[in-house]
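Novice:
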Amino acid sequence: MRKHITGFSNPTVKYLRSLRDKKHRKRAGQFLVEGLRLLEDARACGRIPQTLVMAEGREHPLLERLEAEVMAAGGEVIATTPDILSKITGKENAQVVAGVFDEWETRLAALDRGAAPIWLAAQALRDPGNLGTMLRTCDAVGAGGLILIDDCADPFSAEAVRASMGAVFTVGLAQARWDEFLPWLRAGEGQLVAASLRDAVPYRGAPYQAPCFLLVGNESQGLPDDYELVCDLRVTMPMKGRADSLNAAVAGAVLAYEVLAALGG
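Under this note's numbering, residues 8 to 272 are what the sequence shown spells out, in order.
#1: For A128 and G64, I'd like the C-alpha separation in whole angstroms.
#2: Apply the 10 Å Cβ neighbour rule to G106 and answer buried if 16 or more other Cβ atoms are within range, or exposed otherwise.
#3: Using 8 Å for Cβ pairs, my map puts I85 next to R9. What's the rounded Cβ distance?
#4: Return the Cβ separation of V200 and L155 in integer angstroms, given the expectation that the two are a contact with Cβ distance under 8 Å.
#5: Taking the beta carbon of A75 as the centre, do at least 16 other beta carbons fall within 10 Å, making it buried, or is it exposed?
#6: Cβ of A263 within 8 Å of Cβ of A150?
#7: DSSP three-state label for L153, please.
#8: Would you mind stating whether A256 and M141 have Cβ atoms separated by less than 8 Å?
#9: Beta-carbon separation of L180 and G152 under 8 Å?
#10: Could you tell me the alpha carbon to alpha carbon distance between E110 and L221, rounded to whole angstroms?
#11: Pick helix, strand or coil for M172, following the three-state DSSP scheme.
#12: Consult DSSP for W111 and reduce its assignment to one of helix, strand or coil.
#13: What beta strand (DSSP E) runs, 3 residues minimum, are completely inside the stretch 170-231?
#14: Could you tell me which residues DSSP pairs with K10 in its beta bridges?
#15: If I'm right that A49 touches L92 with Cβ under 8 Å, what's the distance once you round it to whole angstroms?
#16: Measure from the alpha carbon of V237 to the alpha carbon of each residue in A202, A165 and V40, then state which is nearest.
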């Protein structure tokens, strides 16, 4: 049975709104996803929202199926007005549905490094759009996942989830400090490759080895010197114009496709 909410001051509305803030997301261990397409991507990956919030009067076969699966899983379905849904999502033209998901395990120990020949890693990535784009790249090249190192943007923010185009549900994701990541990497097979200008070789034709972990740094600062020095391979891409570097997410995508080709993918 649907629960109907018509008041802006309803405690559930206030809670759902709070999930737009990282502090509240981390405290609750939940995050908000807007849009039927993203929710359908999640459902296809076996992830069903704990709470489904729908604008009243909107019908769609996929929405009906999603509602039925949420109820079957013991979740809550809320029907409300478009105005209240907009207040929850913070968007003037909110889509017809949003869902609340539990955050999942993002420790390195949950990853299987043998699951794929390519992995992406990002250090101190601050832009949620770049983070989402890197998740999308992981999905596109069949990477095992994305490892976020040190203080990165929140992968469960609405901006990152939206930029991932659903890839947050399809690829592996881990978060760690550098002093956790490096021992984990060195405990097994894995080549660490940095996008760098320090004693770097051209990215095309470089001796990539699987499993290859491609590491990109902060959008403005790049990688710390000591991080670069311990990498197994440092590669650079030619810059023909006045810009001295590519966007971090773009650089990761270019490198990922080069590694994919080099490894016979």
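For each residue, glycine too, the CB sits at the ideal point set by N, CA and C.
In this text, all values refer to a predicted model and were calculated from it rather than measured experimentally.
Specialist: Judging by the given coordinates:
#1: 43 Å
#2: buried
#3: 7 Å
#4: With 8 Å as the limit, V200 and L155 do not qualify as a contact, their Cβ atoms being about 17 Å apart.
#5: exposed
#6: yes
#7: strand
#8: yes
#9: yes
#10: 25 Å
#11: coil
#12: coil
#13: 179-183, 198-202 and 219-223
#14: I85
#15: The pair is not a contact, with the Cβ atoms about 18 Å apart (cut-off 8 Å).
#16: A202
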